[in-house]
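Residue numbers (full-length UniProt numbering): 1 to 175. Just so it is clear, CB atoms sit at the ideal spot from N, CA and C, and this is done for glycine as well. On a predicted model such as this, the values are computed, not experimentally measured, just so you know.
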């Protein structure tokens, strides 16, 4: 990804670091041997699906519905668990913000700087993780950050589409 650094005066250092990390990440490197692929596969196999479904059904039984907040929490939990992070609302917010870059919804220079800060927050959370016994390298942390952001955005879209489909099915049966 190329961005003219000359338009960023005070924010140049953060934008340069963001660009370096994102450009060396899996999304631009296209490396199928990245350890993040193995990590996601391992974490997917360990997902406590029954527990997560039971928790969601319990909320549904108590309230008689699942609202946007419930779905956001479930989405954040799934995305975080896939890359080995603890689910956290602030990381979810950062992932959503960075996702806007990939969706082509950047709203100007200030928003781009905000996206860079959001990416760095997710990157730092991933940087604090280990890779086996060793600390994560910048490339590994970048890959995990991108994977978390992608998982976060994708699972939310899949949930939304699934609910839309269920809603349409229910409406057609009522007619």
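Helix, strand or coil for residue 77? Go by DSSP, reduced to three states.
Against the chain shown, residue 77 aligns to sequence position 77. Note: residue 77 maps to helix in three-state DSSP.
CA nearest to the CA of residue 47, picked from 20, 139, 80, 128
Taking the chain shown and counting its residues from 1, the one referred to as residue 47 is at position 47. Cα-wise, what sits closest to residue 47 is 80.
Same chain, Cβ closer than 6 Å to residue 146, five either side skipped, listed in chain order:
Mapped onto the chain shown, residue 146 falls at position 146. Contacts found: 25, 26, 27.
Check whether the Cβ atoms of residue 83 and residue 144 sit closer than 8 Å, and answer yes or no.
Walking along the chain shown from the start, residue 83 turns up at place 83. Walking along the chain shown from the start, residue 144 turns up at place 144. In contact: residue 83 and residue 144 (Cβ atoms closer than 8 Å).
For residue 153, does the count of other Cβ atoms within 10 angstroms reach 16, so buried, or fall short, so exposed?
Numbered from 1 along the chain shown, position 153 holds the residue referred to as residue 153. Counting Cβ neighbours within 10 Å, residue 153 comes out buried, since at least 16 surround it.
Helix, strand or coil at residue 154 according to DSSP, with G and I counted as helix:
Along the chain shown, read from residue 1 onward, the residue named residue 154 stands at position 154. If DSSP states are grouped into helix, strand and coil, residue 154 belongs with the helices.
Write down every uninterrupted run of the alpha helix (DSSP H) in the region 49-135 whose length is 4 residues or greater and which is fully enclosed by it, in chain order.
49-63, 68-83, 89-102, 109-127
For residue 66 and residue 148, which I take to be in contact (beta-carbon distance under 8 Å), what is that distance rounded to the nearest angstrom?
If you number the chain shown from 1, residue 66 lands on position 66. If you number the chain shown from 1, residue 148 lands on position 148. About 23 Å separates the two Cβ atoms, so there is no contact after all.
Distance CB(residue 22)-CB(residue 1) smaller than 8 Å
Here residue 22 refers to the residue found at position 22 of the chain shown. Here residue 1 refers to the residue found at position 1 of the chain shown. For residue 22 and residue 1, yes; Cβs fall inside 8 Å.
Residue 15: first and last residue of the uninterrupted alpha helix (DSSP H) it sits in
By 1-based counting over the chain shown, the position of residue 15 is 15. Where residue 15 is concerned, the enclosing alpha helix (DSSP H) stretches over 12-23.
Assuming residue 115 and residue 129 make a contact with CB atoms under 8 Å, what is their CB distance in whole Å?
By one-based count along the chain shown, residue 115 stands at place 115. By one-based count along the chain shown, residue 129 stands at place 129. About 22 Å; that fails the 8 Å criterion.
Ordered along the chain, which non-local residues of its own chain (more than five positions away) have a Cβ less than 7 Å from that of residue 44?
On the chain shown, residue 44 is found 44 positions in, with the first residue counted as 1. Counting only Cβ-Cβ distances below 7 Å, and skipping sequence neighbours, we find 82.
Using 10 angstroms around the beta-carbon of residue 60, count the other beta-carbons present and answer buried if the total reaches 16, otherwise exposed.
The residue labelled residue 60 in the question sits at position 60 within the chain shown. Here residue 60 is exposed: its Cβ has fewer than 16 other Cβ atoms, across all protein chains shown, within 10 Å.
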